[in-house]
Amino acid sequence: MSIFDNMMMNNVKNEKQSNMKKNSSKSFKEEYSEELANNVSRYGIQSYSKSGVAFEKLSETQAEISYSGLLAKSGAQEVHGVYGFGSNQNWEGVSTIQLKKEGEGTFKAVFPIEQGKNINVAFKDSVENWDNNSGMNYTFVN
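Numbering (our numbering), first residue to last: 61 to 202.
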């Protein structure tokens with residue numbers, strides 16, 4: 061290896077380290093993160109915007125879910141929400157609700173919620189294709 065090659069490799073290495081330091085100083089943001097859990101208004105919209113899922117708490121006992129995700133984009137004519145409360149690892153009170161088609165590619169439903177418990181949702185179409193956020197489900201803070 062020549063001196064020139066060695067200098068070039070060191071420059072690239074130093075540049076990568078510099079970029080890593082810059083990126084590590086930025087705060088981590090994720091659609092469902094600690095920031096979302098701690099900064100949720102009493103009533104408001106929470107969303108997985110890239111996945112086409114939005115949740116709006118309407119009252120202490122009702123919420124609206126809006127879905128324009130993978131199943132809708134794939135042409136589903138019917139979408140059901142399977143939802144439960146509490147831990148995403150151990151759902152309680154599991155129910156299914158049919159979402160109403162609201163225009164092209166959007167489905168909505170109003171459903172009951174339980175005070176103080178997170179809401180976990182996955183979606184399926186009429187032929188059992190599922191959208192469950194790559195196995196993570198869609199979880200909303202209540």
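Glycine included, each C-beta is placed from N, C-alpha and C at the ideal position.
Treat the numbers as computed from the prediction; the structure is a model and nothing was measured.
Considering only residues of the same chain and omitting the five flanking positions on each side of Ser126, which have a CB-CB separation below 7 angstroms? Translated into the one-based positions of the sequence shown, residue 126 becomes position 66. Ala114, Thr166 and Lys168.
Quick one: what's Ala136 bridged to in DSSP? Taking the sequence shown and counting its residues from 1, one reaches residue 136 at position 76. Answer by DSSP bridge pairing: none, since Ala136 is not bridged.
Quick check: what's the CA-CA separation for Asn98 versus Val201? On the sequence shown, residue 98 is found 38 positions in, with the first residue counted as 1. On the sequence shown, residue 201 is found 141 positions in, with the first residue counted as 1. Confidence at Asn98 is low in this model, with a pLDDT of 44, below 50, so its placement is unreliable and no value can be given for it.
My understanding is that Val181 touches Gln122, with C-beta atoms under 8 angstroms, so please give their C-beta distance in whole angstroms. On the sequence shown, position 121 is the one that residue 181 refers to. On the sequence shown, position 62 is the one that residue 122 refers to. In fact, because the Cβ distance is near 14 angstroms, the residues do not count as touching under 8 angstroms.
Quick one: give me the first and last residue of the beta strand (DSSP E) that Ser107 is part of. Counting from one through the sequence shown, the residue named residue 107 turns up at place 47. Start and end: Ile105 to Tyr108.
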